[in-house]
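Working notes, structure below.
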Ligand code: PGA
Ligand code: ZN
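Residue numbers (UniProt numbering): 4 to 418.
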């Protein structure tokens with residue numbers, strides 16, 4: 004039974020304010036914080052009401068706690084419904100999606116703690132034994148970096164050959180170090196600057212960044228004997244020019260229509276043997292997504308983030324069109340754990356790989372590590388280094404140790 008709900012303003016990794024929620028029950032306690040995006044999808048729920056975090060602290064806390072106190076934390080679905088009812092809007096703009104997600108996660112953690120169970124076990128049951136592979140972020144561009152950085156937002160890697168999570172996270176860290184050396188060789192004036200998600204921010208073209216990324220993967224694969232494969236998040240909504248109806252690459256000074264973008268991304272996938280490609284088209288370009296998936300979707304993960312925004316109705320439209328074969332799962336894009344779970348369920352039923360993900364603005368909250376295990380997600384995207392990123396990675400190391408019969412998740416397109 005919930006006895007108290009406390010909401011406070013805390014710092015996120017960009018120095019902005021966000022919310023942290025404590026839920027106290029008579030025999031349990033849960034704490035969770037909400038992250039924030041920079042390259043948000045336009046159909047995500049609204050992060051905060053118009054008055055920002057301060058409005059939540061002064062007004063919203065009382066409203067939420069008066070409704071939730073006395074409810075059973077175990078009844079997570081009911082609590083999520085009550086939160087949506089109190090809010091009363093489609094896009095959670097009166098309480099703020101970030102408030103709702105932090106309450107929803109803190110309630111789940113309080114319920115788990117009242118059973119003396121870790122969250123992954125409480126939500127996922129005895130079947131939650133698979134550890135996800137980490138997608139590590141190596142080079143940052145786009146909305147996560149300065150204006151001379153690559154247009155492609157994230158140059159990622161997946162250690163597909165890792166035997167356990169420890170091998171996986173250290174392989175990613177090794178690639179991260181290697182990439183710094185390679186950037187330095189290319190640009191001796193590089194000062195080691197990093198972007199919002201801890202990847203390096205070099206003053207180089209998309210093409211040079213791709214070459215460096217792939218070289219680093221090959222060298223680390225040889226040195227460690229753990230296969231590491233390159234991946235990308237283009238976050239193409241950020242460089243789609245809706246007036247010209249073109250994808251505008253400022254680094255190379257070229258623009259591409261959807262058809263040219265399909266060819267361009269397919270060539271990158273084939274040339275560099277990309278394992279995973281996220282948001283290769285802008286959030287409204289379902290046709291581009293479907294065309295690329297038809298061409299390469301039997302050997303490469305094509306993942307939708309801004310296009311689906313963890314929303315099962317939008318995902319259903321995408322499934323009907325064959326728009327992708329994977330979906331990014333960010334609880335704060337949709338607001339409640341219940342809705343997050345239902346989106347994962349729909350994805351699974353249609354052979355879409357769920358990829359549980361951080362946001363570019365994060366806290367040291369580790370909840371998504373538990374969610375990835377609970378949902379049986381084969382991949383988790385949570386950076387490679389930086390305190391707010393390693394909070395999740397190190398939690399996975401602990402979870403692996405806790406489950407004696409754990410194993411790495413089964414990845415698509417590997418044998
Ligand atoms: P965001 O970006 O958290 O800034 O929205 C992350 C992503 O696009 O995957
Ligand atoms: Zn993305």
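Note that CB positions come from ideal geometry on N, CA and C, so glycine has one too.
Ends of the beta strand (DSSP E) at residue i?
i	result
residue 49	Residue 49 -> no beta strand (DSSP E), and no H or E assigned at all.
residue 7	5–14
residue 43	First-last for residue 43: undefined, no H or E at that position.
residue 412	First-last for residue 412: undefined, no H or E at that position.
residue 356	356–360
residue 31	31–36
residue 181	Careful: residue 181 lies outside any beta strand (DSSP E), inside the alpha helix (DSSP H) at 168–189.
residue 20	20–28
residue 85	Note, residue 85: premise wrong, no beta strand (DSSP E); alpha helix (DSSP H) at 79–90.
residue 251	249–252
In terms of residue numbering, what span does the alpha helix (DSSP H) encompassing residue i cover?
i	result
residue 351	340–352
residue 242	Element bounds for residue 242: n/a, residue is neither H nor E.
residue 229	No alpha helix (DSSP H) holds residue 229; DSSP gives it neither H nor E.
residue 383	Per DSSP, residue 383 belongs to no alpha helix (DSSP H); it is in the beta strand (DSSP E), 382–384.
residue 157	Note, residue 157: premise wrong, no alpha helix (DSSP H); beta strand (DSSP E) at 157–161.
residue 395	390–405
residue 55	55–58
residue 98	Unbroken run through residue 98: none, as it is neither H nor E.
May I have the straight-line CA-CA distance separating residue i from residue j, to the nearest angstrom?
i	j	result
residue 111	residue 77	7 Å
residue 200	residue 256	26 Å
residue 158	residue 219	12 Å
residue 192	residue 259	31 Å
residue 365	residue 247	34 Å
residue 146	residue 40	10 Å
residue 38	residue 198	16 Å
residue 319	residue 195	42 Å
residue 88	residue 296	38 Å
residue 397	residue 348	27 Å
residue 115	residue 374	13 Å
residue 341	residue 371	14 Å
residue 7	residue 411	38 Å
Could you check whether the Cβ of residue i sits closer than 8 Å to any heavy atom belonging to ligand 2?
i	result
residue 360	yes
residue 42	yes
residue 156	yes
residue 365	no
residue 238	yes
Please say whether residue j and residue i have beta carbons closer to each other than 9 Å?
i	j	result
residue 174	residue 213	no
residue 135	residue 405	no
residue 49	residue 34	no
residue 306	residue 328	yes
residue 66	residue 106	no
residue 363	residue 17	yes
residue 161	residue 96	no
residue 330	residue 343	no
residue 103	residue 56	no
residue 308	residue 282	yes
residue 153	residue 80	no
Below 8 Å, is the gap between the Cβ of residue i and the nearest heavy atom of ligand 1?
i	result
residue 199	yes
residue 281	yes
residue 309	yes
residue 135	no
Can residue i be considered in contact with ligand 3, in the sense that its beta carbon sits closer than 8 Å to one or more heavy atoms?
i	result
residue 331	Among the ligands modelled here, namely ligand 1 and ligand 2, ligand 3 does not occur.
Ignoring anything shorter than 4 residues or poking outside the region 114–150, list the alpha helix (DSSP H) runs there in chain order. 122–127
Going residue by residue through the region 296–346, where are the continuous beta strand (DSSP E) segments of at least 3 residues, counting only ones entirely within it? 304–307 and 329–332
For the region 256–299, which segments carrying the beta strand (DSSP E) assignment without a break, of at least 3 residues, lie completely within its bounds, in sequence order? Listed in chain order, they are 257–259 and 279–281.
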